[in-house]
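Numbering (our numbering), first residue to last: 68 to 146.
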């Protein structure tokens, strides 16, 4: 029922909906741009997580690092 009400409002007043969306977008930009400068690109891994422990085991036992790898396989006839 709630979504039907939202749909009716959007059909009845599409310009208001677009205007409200633009206001929300502008408010998010005003508050989001300064925050983006404070964020760091890494350091989000929990050292007690299972994946962090697995990386430690790989490093200790097999000399593997925690780096990610991408392998691309192609057939001879295709490029």
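Where a beta carbon is used, it is the ideal one built from N, C-alpha and C, also for glycine.
The structure displayed is predicted, hence computed values, not measured ones.
Where does residue i sit, in a helix, a strand or coil, going by DSSP?
i, result
"residue 144", "coil"
"residue 138", "coil"
"residue 109", "coil"
"residue 68", "coil"
Considering residue i, what are the terminal residues of the alpha helix (DSSP H) in which it resides?
i, result
"residue 85", "81 to 105"
"residue 118", "117 to 129"
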